[in-house]
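Chemist: Got a structure for you, questions after.
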Amino acid sequence: MIVHRRQFVIGPAPLRPSDDWKQLLLDPEGRLHLSHCPDLPMVHVPAAAGEVSDRLLLGDVVAMGEHDPAPGRSLAEGATVDDVVEASRTWAGRWVLVLDGVVHLDACGGLSCLHRWAQAGPGGRAGVWVSSSPALLLDARLGGGPHQRAPLENFAEGFYYHPSPHTVHAAVKRLLPSQLLNLRADASGQALRPRPLPGARHASGFQGPDALLDRACTLLAGGAAAVAQQWPRPWLPLTAGMDSRVVLAAAYGGGVQDVVAYTQGYAWPRLSRGDRRLPPRLAATLGYEHRFIPRAQLDPDRLAQVDRHTGNSLNDFDADRQFLARGQWDGIPEGAAVLRGSIFEAGKAYYDKYLEPDHGGDPAAALCDAWRLKAYTAATNRQVEAVEAWAAWMLDDPHDNGLDWRDRFYVEQVCGAWTSAVEQELDLTGTHRIPLANCHALLSTLFALPREWQVDGRWSHEVVRRLAPAIADVPANPNDPPLQRIAWHAHEEGRMLYQARNRPAYVRQRSRQMLHRLRTTGRLTT
-5 MIVHRRQFVI
5 GPAPLRPSDD
15 WKQLLLDPEG
25 RLHLSHCPDL
35 PMVHVPAAAG
45 EVSDRLLLGD
55 VVAMGEHDPA
65 PGRSLAEGAT
75 VDDVVEASRT
85 WAGRWVLVLD
95 GVVHLDACGG
105 LSCLHRWAQA
115 GPGGRAGVWV
125 SSSPALLLDA
135 RLGGGPHQRA
145 PLENFAEGFY
155 YHPSPHTVHA
165 AVKRLLPSQL
175 LNLRADASGQ
185 ALRPRPLPGA
195 RHASGFQGPD
205 ALLDRACTLL
215 AGGAAAVAQQ
225 WPRPWLPLTA
235 GMDSRVVLAA
245 AYGGGVQDVV
255 AYTQGYAWPR
265 LSRGDRRLPP
275 RLAATLGYEH
285 RFIPRAQLDP
295 DRLAQVDRHT
305 GNSLNDFDAD
315 RQFLARGQWD
325 GIPEGAAVLR
335 GSIFEAGKAY
345 YDKYLEPDHG
355 GDPAAALCDA
365 WRLKAYTAAT
375 NRQVEAVEAW
385 AAWMLDDPHD
395 NGLDWRDRFY
405 VEQVCGAWTS
415 AVEQELDLTG
425 THRIPLANCH
435 ALLSTLFALP
445 REWQVDGRWS
455 HEVVRRLAPA
465 IADVPANPND
475 PPLQRIAWHA
485 HEEGRMLYQA
495 RNRPAYVRQR
505 SRQMLHRLRT
515 TGRLTT
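-5 is the number of the first residue of the sequence shown in this note's numbering; add one for each residue after it.
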């Protein structure tokens, strides 16, 4: 693994962590310098008349629409900034776009984009620095410090990640999907301005569930076909659930003939019977190959590389932090495209069961109450600051896209903070990971469906039925036998308590929660 692989930095001066990194001046005044790993996909187009900087598209991106031009062509064919922004609504993947000195994110911030205001060395120019890597923004040349991870009391109280716009590092902020970042700002407080998120009003041209489902199918099939055209023989993580099945159906419906479906092993007994038996069956039904990638012993050296690459930003308890160190990506070749099923929960009203539709004018208080952030530790106190900053930004946002505030929380926090941090770790693999759901047009289409269709996930079953009817009636996530479920819960609780053995407050709190649940519900977890 190569630390800082596929990362970039844009700032007032070059910043190269290794000799093989490339540099590019983006503006004639010498205020914007791009430094990037040579493995990072990039489209660079000279500035159009009247623009202050060159146009830049970083990351993996495909156009989902059937007749939409490739994203690189959209930048280069005489289009205005507004034209490019409009075209980007049908782009999927993980990408960052720089237009006229302003940073635009993909729909959910899938390509990590972090920023800080700093000076490049003694006497250097101060300004906005932006990077996909928190570690690079903590470089000593920018006045950084040791990459100390703030403790996250996961699975007891608070979130299992650090909410945006803050990060575990006080000096580094994460750009929200609802924010634009002006790279040429004269002061740090002038750098941010609002940007519209995906919402139901963006799909107002499609009336009724049938038209919306047709639109979703067209986008998904077109996106899968575009991925296969750019990267032949894509890989596809497949489980017994519906999200990965939607992606499988999209590949089939898009006419992709050569797909390698795979399932990654977890620690026993976490991998369910359904996850073992159904993926090979689903893949074979559609004529695709399936492989199982086992979980190996933890490699401490690899884990240290992961932590260095991520700037220690992933929580100790997060299983994704260990995926590379346990060889669970070793079976996927470098340079392969991976069709990801992440982000679909954004269209399934994920937080309806935790949060009320009306936050009473105080979303920060509602979130703090739901996760008991003010009742626990210093770590969650830092999370309170982040939640309050996010809520204040949301309440001041002038854009009304018909987006439920709970869906916005999922898009900007689970996707924009946690998922993007995990994907930044996986840049070490050298693969091209394309989440088809990370598309403004597709998410707007899903958000426009009746709420009950989102809550029960009905739309995902209908999409599969339309694109790949042969697998539509295969049950999703069948229950394991009761004894196996009990064993899994006991294993998970024991693992978490063991990892937290040096945090007595956590162990006491979690033990009380477990006993309370057993007494009141007869279940170990909710």
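Ideal Cβ placement from N, Cα and C applies to all residues, glycine included.
In this text the structure is predicted, and so the values were computed from the model without any measurement.
First and last residue of the beta strand (DSSP E) that includes H522?
Modeler: Only positions -5 to 520 of the chain appear in the structure, and residue 522 is not among them; the question remains open.
Chemist: Looking only at its chain, what residues have a beta carbon closer than 6 Å to the beta carbon of A120, apart from the 5 residues adjacent to it on each side?
Modeler: Q113
Chemist: What are the residues that DSSP puts in a beta bridge with R427?
Modeler: V332
Chemist: Helix, strand or coil for W384? Go by DSSP, reduced to three states.
Modeler: helix
Chemist: Looking at L51 and V92, is the spacing between their C-beta atoms short of 9 Å?
Modeler: Contact flag set, yes.
Chemist: CB-CB under 7 Å to L101, same chain, minus the five flanking residues each way: which ones, in chain order?
Modeler: According to the sequence displayed, residue 101 carries Ala and not Leu. Around A101: P171, P192, N432, C433, H434, L437.
Chemist: For G103 versus S414, is the C-beta spacing smaller than 9 Å?
Modeler: Contact: yes.
Chemist: Rounded to whole angstroms, what is the Cα-Cα separation between W229 and D204?
Modeler: 30 Å
Chemist: Tell me whether Q223 sits in a helix, a strand or coil according to DSSP, three-state version.
Modeler: Here Q223 sits in helix by DSSP.
Chemist: Taking 9 Å as the cut-off, decide whether the C-beta atoms of I428 and R88 are in contact.
Modeler: In contact: I428 and R88 (Cβ atoms closer than 9 Å).
Chemist: With a threshold of 16 other CB atoms inside 10 Å of the CB of V449, please say whether the residue is buried or exposed.
Modeler: exposed
Chemist: Would you report the Cα separation of T304 and S127, rounded to the nearest angstrom?
Modeler: 7 Å
Chemist: Compute the Euclidean distance between the alpha carbons of S266 and D13, then round it to the nearest angstrom.
Modeler: 46 Å
Chemist: So, helix, strand or coil for E147, using DSSP?
Modeler: Residue placement at E147 cannot be trusted, given a pLDDT of 46 that sits under 50; the coordinates are not used to answer.
Chemist: Opposite V241 in the DSSP bridges: which residues?
Modeler: DSSP output for V241 lists no bridge partner at all.
Chemist: Span of the alpha helix (DSSP H) holding L529?
Modeler: As shown, the chain starts at -5 and ends at 520. That puts residue 529 outside it, with no answer to give.
Chemist: Is V124 closer than 9 Å to P231 when the C-beta atoms are compared?
Modeler: no
Chemist: In the DSSP output, what is S125 paired with across the bridge?
Modeler: V3, L108
Chemist: Which class does V37 belong to by DSSP, given the choice of helix, strand or coil?
Modeler: strand
Chemist: One question on the structure: do S307 and V162 come within less than 9 Å of each other, judged by their Cβ atoms?
Modeler: yes
Chemist: Using 8 Å as the Cβ pair cut-off and three pairs as the minimum, do the stretch 315 to 335 and the stretch 378 to 397 touch?
Modeler: no
Chemist: Can you give the Cα-Cα distance for D356 and D401, rounded to whole angstroms?
Modeler: 16 Å
Chemist: Any idea if L276 is buried or exposed, counting beta-carbon neighbours within 10 angstroms, 16 or more meaning buried?
Modeler: buried
Chemist: Look at V166 and H109 and say whether their C-beta atoms are less than 9 Å apart.
Modeler: In this structure, H109 lies closer than 9 Å to V166 by Cβ.
Chemist: Taking the alpha-carbon positions, what's the T74 to L186 distance?
Modeler: Each residue's alpha carbon lies about 21 Å from the other.
Chemist: Within the same chain, show all residues whose beta-carbon is closer than 6 Å to that of G424, passing over the 5 residues directly before and after it, in chain order.
Modeler: Contacts found: E328.
Chemist: R289 and Y260 - do their beta-carbons sit closer together than 9 Å?
Modeler: yes
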